[in-house]
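Numbering (the numbering used here), first residue to last: 2 to 217.
Glycine included, every Cβ here is placed at the ideal spot set by N, Cα and C.
Quick caveat: nothing in here was measured; it's all calculated off a predicted structure.
What follows is a set of notes on a single structure, which appears directly below.
Here is the structure:
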């Protein structure tokens, strides 16, 4: 049986076993830039995020994105990376990027893969996860960072490419930072999920102390 073809570097991440295509999920997570800290992240079994994940394949095809709001430590990045992992079951064209790095990638024209720049990858991935928007550098006052973010989201919504955003900001703060047009844009192509709960970082502190041997 002929080997199924995959585009670009994804060919290198696939192995053929008895005529069946097999994908090494860990290598795909590396290619998607998902941080190792979140490789074992799992989706909740119930709730709005679980329901979105249940229809993820359809949401990817329709370009329906997700805006995840909530304070520090409630697990937004953890849950978003779990969603990105699930997306790898349907497509290898997934990319995680922290918002501060996104701006730097534009400024310094960072490469992504082969002859593809990060700026191109931001537009073309089937799922783009931008973590912690609002934390990117905006000190110059030029509006460059904000405009790059707005232009990218507008492009992705226009061409029906799903985007997941996480942020500590509320909707009013997003509107103040990126403008009322941005807030309207998000409503056009994304659904909102409010993340709540205890600070997961504090909960994980006890396990960290025990694993390190410092505290028994």
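Annotated as proximal: residue 54 and residue 84, with beta-carbon spacing under 8 Å. Counting the other Cβ atoms within 10 Å of the Cβ of residue 164 gives 16 or more, which makes it buried. Rounded to the nearest angstrom, the Cβ distance from residue 89 to residue 134 is 22 Å, too far for a contact under 8 Å. In the three-state reduction of the DSSP assignment, residue 26 falls in the helix class.
Residues 35, 39 and 42 of the same chain have their beta carbon placed closer than 6 Å to that of residue 82, with the five preceding and five following residues left out of the count. Residue 91 sits in coil when the DSSP states are folded into three classes, being neither helix nor strand. Counting along the chain, residue 184 sits inside the alpha helix (DSSP H) bounded by residues 181–190. Here residue 197 is exposed. Its C-beta has fewer than 16 other C-beta atoms within 10 Å. Counting only the Cα atoms, residue 110 lies some 24 Å from residue 161. Put simply, the backbone Cα of residue 186 is about 49 Å away from that of residue 216. Residue state for residue 35 is assigned as coil, using DSSP reduced to three classes.
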